[in-house]
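For any residue, its number in the working numbering is found by taking its place in the sequence shown, counting from 1, and adding 2. Positions of the beta carbon are idealized from the N, C-alpha and C atoms, including for glycine. See structure below.
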Amino acid sequence: MKHETGDKSSFSGKEYAPFYTPKSDTLIDLFGITNQEQR
């Protein structure tokens, strides 16, 4: 895996560690967060 070797991924001229970062909607669905809890 790239993160184990210290490799970086480039995007829009910047370098990032290649970790998966889920979107907010994914986390909301995964954990069943309600609209009230989001406030």
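Three-state secondary structure assigned by DSSP to residue i
i	result
Phe33	helix
Ser26	helix
Rounded C-alpha distance that separates residue i from residue j
i	j	result
Ser12	Tyr18	6 Å
Phe21	Leu29	16 Å
Lys16	Thr23	16 Å
Limits of the unbroken beta strand (DSSP E) element including residue i
i	result
Phe13	11–13
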